[in-house]
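J.: Let me give you the structure first, and then I'll get to my questions.
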Amino acid sequence: MKLSFVPLSEIQRLRRTITDPVKQVRVLATVFRINTLYMIAQAGSGHIGSSFSAMDIVTWLHLNVLGKDDVYFSSKGHDAPGLYSILLGLEKIPFEKIHTLRRLGGLPGHPDIVNTPCIVTNTGSLGMGIAKARGMALARRLNKRPGRFFVLTGDGELQEGQNWESLQPTANGHYGEITVIVDHNKMQSDTWVKKVSDLGNLEKKFAAFGWEVARIDGHNLLQFSETLERFNNITDKPKVIIADTIKGKGVSFMEGNSLGEDELYKFHSGAPSADNYAKALTELLKQVEVTDLVLEQREALAKYTTSSQPQKLISAYGAELKTIGDEHAEVVVLDADLMLDTGLIPFKEAHPDRFVECGIAEQDMVSLAGGLALSGKLPIVHSFACFLSTRPNEQIYNNATEETKIIYAGSLAGILPAGPGHSHQSVRDISILGSIPGLTLIAPSCEQEVRLTLRWAVEKNPLSTYIRLESLPIDLPFSLPKSYSLQVGLGQTIYSGHDIALVGYGPTLLKQAYLAAQQLAKENISVAVYDFPWLNNISDKFITELCKYQTVLTLDNHYLQFSQGMMIRAHVPQAVSLGLTDVPVCGQNDEVLTNSGLDISSIINVVKTHSKK
Ligand SMILES: Cc1ncc(C[n+]2csc(CCOP(=O)(O)OP(=O)(O)O)c2C)c(N)n1
């Protein structure tokens, strides 16, 4: 399949030949949408809806507003492909990088200042942008240097409490140099903001905090320009533009405003199908207002393939959660705007009264769970592991001190998928949750173990459980015995051997370990592989079993510090560990596993250095 993009020479030509600024931005914004679509299709994932929604605003800012002292960034972060497309077209990022979205050494899934020119701050975990801008503005004031700060936020993003902590001090400090633009497309990940957690009257809310407020049509460039000019004269208070936009703007079937009340939005993240790609391109080309636009084509890069029946931990989790909901009337399920990704639709449909959509407000969600638990309910709390373990860590600890029972399910755990980058790669949840009293951490390795884990957490564990779920569908070479049951602190052999033991958890690394053991067996190196799902518990029995091996190699899909490996090393003197030591890189899954030293050949190499044969 061929994918099309608008080459730099064409963008340069359009900039030279279209002299009317409004028409120029209209045309270029469409061109940048075409290139965003190309990048996301080429990467195999990315956020189209959000990139398209803000494209007119961000293009106008870059072409007509930002001076050398001014700063722009998106607090949302997931609209990065759209921003890259503009920066590539304006030659602020080398154009060749257009082919490298979400690849090793290329343009990361979410903004990262470390390797990308013109990116001023790392975003991807929502809600930090206004405070970051205030910090930058304060530094400028201290250095007695001028400059304005333009921060784009999502409207769903405004559910995140940190924004509201920022509003008052920004007004109190008279930060007239800060302008926030709310990309008010009225949608968040899955559905309408008003259905998830209505923001109420945003204009009045910002005004009450002491901000100057304007409301505009976010696709009307003249209105946007006039508002910015008016705002230039207001220097004693921060300013906000609530820009009414359309998520997915520019491609009719991606536009959120046509979505029915109860439909779910399909273009928040992921890649378009081949068919949708072709239809979207055709629509964008019809809008571009120039008849002689020349496109270039590239072959689509190979996609990540799995077998026809991969293990899908999230689907298995979702199905079991629904069944458990049928059996246990005390179960209440909580979500933070990720119900599609966390497998909650079956439960929500079967038990709408016991499903609570909390919005992008993880701290509020976890304390709500605390209240439910104190009142005799069994809350099961969901988000991506990277957000669930971090933002509400204090709230999880507070709940734990009450000795109530709550289940936390964190999906997207570990380094894969690696495309979104480090904001989404949850590789510190074991270390930050592992010491919470009464909280047992379990990482199941396959669908069977997912079901057992959830049942164990609901029916056997008297206290709280954190279930660490890897989200990528994966073709597994091993299975657990049918009679397998979870026993606290005990591992299960999935490949037999007698010299060296590989110990790990979760499907990604156990698959690497299993395939490594198979290859090593051919070289007469006898390696056992253990599925050890317990992340902060190890039994004496298992310690004794591991101590029989000449070497134990632990495998952590997590930072090495305070990981499962470190727990094992505290008890098993001959244990050595593989895991992450640095911030994980963004890229395609296989290349990132290799780069992190967690692929089959890295495991084989370490085993060989420890093998006496
Ligand atoms: C703290 C945090 N929680 C959850 C997420 C996952 N997430 C990414 S985008 C998104 C929805 C954002 O909606 P909105 O701000 O309205 O932006 P839009 O995509 O509509 O432009 C969510 C929940 C996140 N990135 N950060």
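Quick note on numbering: the sequence shown equals residues 1036 to 1648 in the working numbering.
Backbone N, C-alpha and C fix where the C-beta goes; we use that ideal spot for every residue, glycine too.
From F1184 to V1215, what does the alpha carbon distance come to, in whole angstroms?
T.: Looking at the two C-alpha atoms, the distance is approximately 8 Å.
J.: For I1046 and H1113, I'd like the C-alpha separation in whole angstroms.
T.: So the two alpha carbons sit approximately 24 Å from each other.
J.: Are R1169 and T1135 closer than 8 Å when you measure CB to CB?
T.: Contact flag unset, no.
J.: Quick check on H1417: buried or exposed, where buried means 16 or more other Cβ atoms within 10 Å of its Cβ?
T.: The residue in question, H1417, is buried, as its Cβ has 16 or more Cβ neighbours within 10 Å.
J.: State the DSSP-derived secondary structure class of M1222, mapped to helix, strand or coil.
T.: Reduced to three states, the DSSP call for M1222 is strand.
J.: Indicate the three-state DSSP secondary structure (helix, strand or coil) for R1183 in the structure shown.
T.: In this structure, R1183 counts as coil in the three-state DSSP scheme.
J.: Considering D1370, what are the terminal residues of the beta strand (DSSP E) in which it resides?
T.: Its beta strand (DSSP E) spans residues V1366 to D1370.
J.: Need the endpoints of the alpha helix (DSSP H) that T1065 sits in, please.
T.: P1056 to A1078 is the span of the alpha helix (DSSP H), which, as asked, contains T1065.
J.: On a CA-only basis, which of M1171, G1305 and D1225 is nearest E1298? Give me that one, please.
T.: The option with the nearest alpha carbon to E1298 is D1225.
J.: Would you say A1551 and I1635 are within 8 Å of each other, going by their C-beta atoms?
T.: Yes, Cβ-Cβ distance for A1551 and I1635 is below 8 Å.
J.: Need the endpoints of the beta strand (DSSP E) that V1562 sits in, please.
T.: V1562 to D1566 is the extent of the beta strand (DSSP E) around V1562.
J.: Check whether the Cβ of N1157 sits closer than 7 Å to any heavy atom of ligand 1, and report yes or no.
T.: N1157: no, Cβ never under 7 Å from ligand 1.
J.: With DSSP run on the structure shown, which of helix, strand or coil describes G1539?
T.: G1539 falls in the strand class under three-state DSSP.
J.: Return the chain-ordered ranges of every beta strand (DSSP E) run that is complete within the region 1429-1462 and spans a minimum of 3 residues.
T.: Within the region 1429-1462, the complete beta strand (DSSP E) runs of at least 3 residues are 1442-1446.
J.: Within the present structure, is the beta-carbon of D1327 separated from the nearest heavy atom of ligand 1 by less than 7 Å?
T.: Flag unset: Cβ of D1327 not near ligand 1.
J.: Taking buried to mean at least 16 other C-beta atoms within 10 Å of its own C-beta, is V1618 buried or exposed?
T.: By the neighbour-count rule (16 or more Cβ atoms within 10 Å), V1618 is not buried but exposed.
J.: Let me check you understand the geometry: is the CB of L1161 closer than 7 Å to at least one non-hydrogen atom of ligand 1?
T.: Yes, since a heavy atom of ligand 1 falls inside the 7 Å radius drawn around the Cβ of L1161.
J.: Using the DSSP secondary-structure output, state which residues sit across from P1503 in a beta bridge.
T.: According to the sequence provided, residue 1503 is Arg. The question's Pro does not apply to it. Its beta-bridge partners are G1445.
J.: I think A1371 touches A1408, with their Cβ atoms under 8 Å apart; what is that distance to the nearest whole Å?
T.: The Cβ separation is near 17 Å, so there is no contact.
J.: Along the beta strand (DSSP E) that carries Q1609, what are the first and last residues, could you check?
T.: Looking at the DSSP string, Q1609 is not in any beta strand (DSSP E), and its letter there is neither H nor E.
J.: Are the CB atoms of L1615 and L1537 nearer to each other than 8 Å?
T.: Cβ distance not < 8 Å, so L1615 and L1537 don't count as in contact.
J.: Output the distance between the C-alpha atoms of P1649 and L1177, rounded to the nearest integer angstrom.
T.: Shown here, the chain extends from 1036 to 1648; a query on residue 1649 therefore has no answer.
J.: Which residue marks the beginning of the alpha helix (DSSP H) containing L1590, and which one marks its end?
T.: Run containing L1590: none in the alpha helix (DSSP H); it sits in the beta strand (DSSP E), T1586 to Y1594.
J.: Taking contact to mean 3 or more Cβ pairs, one atom from each stretch, closer than 8 Å, check whether the region 1368-1388 and the region 1418-1425 are in contact.
T.: Segments in contact, yes.
J.: Using a Cβ distance threshold of 8 Å, determine whether the region 1595-1607 contacts the region 1624-1633, with at least three qualifying pairs required.
T.: Touching, no.
J.: Give the secondary structure of I1148 by DSSP, where H, G and I count as helix, E and B as strand, and everything else as coil.
T.: I1148 falls in the coil class under three-state DSSP.
J.: Since N1434 contacts I1441 with CB under 8 Å, what's their CB separation in whole angstroms?
T.: Their Cβ separation, rounded to whole angstroms, is 6 Å, which keeps N1434 and I1441 in contact under 8 Å.
J.: Can you determine whether any heavy atom of ligand 1 sits closer than 7 Å to the C-beta of Q1223, and answer yes or no?
T.: At least one heavy atom of ligand 1 is nearer than 7 Å to the Cβ of Q1223, so yes.
J.: Quick one: what does DSSP say K1274 is sitting in, helix, strand or coil?
T.: Three-state DSSP puts K1274 in a strand.
J.: Please state whether DSSP places P1619 in a helix, a strand or coil.
T.: Here P1619 sits in coil by DSSP.
J.: May I ask whether a heavy atom of ligand 1 can be found less than 7 Å away from the beta carbon of T1191?
T.: Note on residue identity: the sequence assigns Gly, not Thr, to residue 1191. G1191: yes, Cβ under 7 Å from ligand 1.
J.: Three Cβ pairs or more, each shorter than 8 Å: is that satisfied between the region 1454-1470 and the region 1485-1500?
T.: Touching, no.
J.: In the DSSP assignment, the alpha helix (DSSP H) including T1475 goes from what residue to what residue?
T.: First-last for T1475: L1474 to I1477, but that is the beta strand (DSSP E), not the alpha helix (DSSP H).
J.: Got a sec? Which residues, its chain only, sit under 6 Å from M1222 by beta carbon, not counting five neighbours each side?
T.: Counting only Cβ-Cβ distances below 6 Å, and skipping sequence neighbours, we find K1282, G1291 and Y1300.
J.: Provide the residue(s) that pair with F1302 in DSSP beta bridges, ordered along the chain.
T.: Looking at the DSSP assignment, F1302 forms no beta bridge with any residue, so it has no partner.
J.: Grouping DSSP H, G and I as helix and E and B as strand, with all else coil, what is S1637?
T.: Correct three-state label for S1637: helix.
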